[in-house]
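Trainee: Structure in structure tokens, see below.
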Amino acid sequence: MNSSTTRSSGRGQVVVGGFVVALVFALSTSGAARAQNVTGFPNIPVWANAGAATGSAGADSLRSRARTNTLRWLRDPDAEARSDFGGYRIYRVQNTLDSTRMVLLRRVSKQPEDSLFLWHLPSITSATPLDQRVATYVDPDSSGAFVKRCRRVDEFGRCLSLGDSIFVLVPPPGPHDGFRTWYAITYEKRNGLDNEFIDLFVKDPACVNPDTSLCLNLNHKFQNVTGPPVEATPGPRANLEGVSVVPNPFRGGEAWDLPGQNEVHFVNLPSSAKIRIYTAAGDLVRELLHNDNVRDYEIWDLKNASGLDVVSGIYLFRVDAGIFSAQDRFVVIR
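Residue numbers (my numbering): -13 to 320.
Written out as structure tokens, the structure reads:
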């Protein structure tokens, strides 16, 4: 099993159809991660991989495809049987795990009165096998939100007359090669006469305030977010002609570096390769083995073989893959 398919909160796991779906991470509003043993409504086990799904839900069902990630989640028949359940909402954010920047990729409807513009999933019950409850979404396939476009609008952008509008699927840009990407799933509220198309409100049972609008909504993006970010990739290369290190130079504290997770990527790799990293004096710092049929990169956490952070300086690297070899240098600035 591909290691990118497994996430663990340290509090338990959910086993689905022979592969592991790690429990979801809940994040506080301050952005600090706190592992939670989350089971049952409104929690949705959700995970993501780089590459495009080919059918089944296993890690080996992915194939390399440029700028493509696969998102999967485990459906809950009890949640879908609720009278207020309308469907699922798929969100994405890149570079920084910030819920205010998440964009809506797609609505997955369970409302029979909903339009043909939306995805519709087959019904499931408690008797449905777990592996058949796994839903798959390939990003950017079918990504986008439907937006009403009118011929004539007023100063507020509203249609001036009925029957002169169409709905257009407007996809957001991305995902982009090498960008950290997170996905989130929420339950959508079943629409009433107002057609709100909003997240379902699930009141925190610990809230006793009679004004429920002041209570925490347990059905929010950070509740059901993929754990470690995935990075879209063009797929393995046939040779080492384009191998390089990014970013180069590496500067500590940049916006794309997660706290305590400084790293560089060796990119444009074939499926199998050995990477050796040396100091400018020729001392071996670290050896990395790359074996991945989907991703074209290998991550180095800027630690030596003893697990200690490397210091600022010029480093050399050599990549060997079969009959091919390549070498170059890069800079680390702490």
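By construction, the Cβ of each residue, glycine as well, lies at the ideal position given by its N, Cα and C atoms.
Report, in whole angstroms, the separation of the C-beta atoms of C145 and V139, which I expect to be a contact under 8 Å.
Mentor: Along the sequence shown, one-based indexing puts residue 145 at 159. Along the sequence shown, one-based indexing puts residue 139 at 153. Right, their Cβ atoms sit about 6 Å apart.
Trainee: Measure the beta-carbon distance from A266 to I300 and round it to whole angstroms, keeping in mind my assumption that it falls under 8 Å.
Mentor: For the purposes of this step, residue 266 is taken as the residue at position 280 of the sequence shown. For the purposes of this step, residue 300 is taken as the residue at position 314 of the sequence shown. A266 to I300, Cβ: 5 Å. Contact.
Trainee: To the nearest angstrom, how far is it from the Cα of D287 to the Cα of N277?
Mentor: Here residue 287 refers to the residue found at position 301 of the sequence shown. Here residue 277 refers to the residue found at position 291 of the sequence shown. Distance between the alpha carbons of D287 and N277 is about 17 Å.
Trainee: Run through the DSSP bridge pairs and tell me what Q401 is partnered with.
Mentor: In the structure as shown, the chain starts at -13 and stops at 320, and residue 401 therefore has no counterpart that could be examined.
Trainee: With DSSP run on the structure shown, which of helix, strand or coil describes L255?
Mentor: For the purposes of this step, residue 255 is taken as residue 269 along the sequence shown, with counting starting at 1. The answer is coil: DSSP assigns L255 none of H, G, I, E or B.
Trainee: Please report how far the alpha carbon of W168 lies from the alpha carbon of R78, in whole angstroms.
Mentor: As a first step, residue 168 must be located in the sequence shown, where it is residue number 182. As a first step, residue 78 must be located in the sequence shown, where it is residue number 92. C-alpha separation (whole angstroms): 6 Å.
Trainee: For the alpha helix (DSSP H) holding E66, just list the boundary residues, first then last.
Mentor: Locating residue 66 in the sequence shown gives position 80, where the first residue counts as 1. Per DSSP, E66 belongs to the alpha helix (DSSP H) from P63 to E66.
Trainee: May I ask which residues mark the beginning and end of the beta strand (DSSP E) holding I285?
Mentor: Here residue 285 is taken as the residue at index 299 of the sequence shown, counted from 1. Element bounds for I285: E284 to W286.
Trainee: Does DSSP put S129 in a helix, in a strand, or in coil?
Mentor: Position 143 of the sequence shown, counted from the first residue, corresponds to residue 129. It is coil, neither helix nor strand.
Trainee: Closest to P220 by C-alpha separation, out of V94, A52, N29 and V124, would be which residue?
Mentor: In the sequence shown, the residue the question calls residue 220 occupies position 234. Of V94, A52, N29 and V124, the residue nearest in Cα terms is A52.
Trainee: Closest by CA to T82, which one among N195, D197, D117 and P215?
Mentor: Stepping through the sequence shown from its first residue, residue 82 is reached at position 96. Among N195, D197, D117 and P215, the Cα nearest to that of T82 belongs to P215.
Trainee: Please state whether DSSP places I319 in a helix, a strand or coil.
Mentor: The count along the sequence shown starts at 1 and reaches residue 319 at position 333. Strand.
Trainee: Reducing DSSP to helix, strand and coil, say where T122 ends up.
Mentor: Within the sequence shown, residue 122 is the residue found at index 136, counting from 1. T122 falls in the strand class under three-state DSSP.
Trainee: Closer than 7 Å by C-beta to L275: which residues in its own chain qualify, once you throw out the five before and the five after it? Chain order, please.
Mentor: On the sequence shown, residue 275 is found 289 positions in, with the first residue counted as 1. Here the set comprises K260.
Trainee: If you measure between the beta carbons of Q80 and G164, is that distance less than 8 Å?
Mentor: On the sequence shown, position 94 is the one that residue 80 refers to. On the sequence shown, position 178 is the one that residue 164 refers to. Their beta carbons are not under 8 Å apart, which means Q80 does not touch G164 by this criterion.
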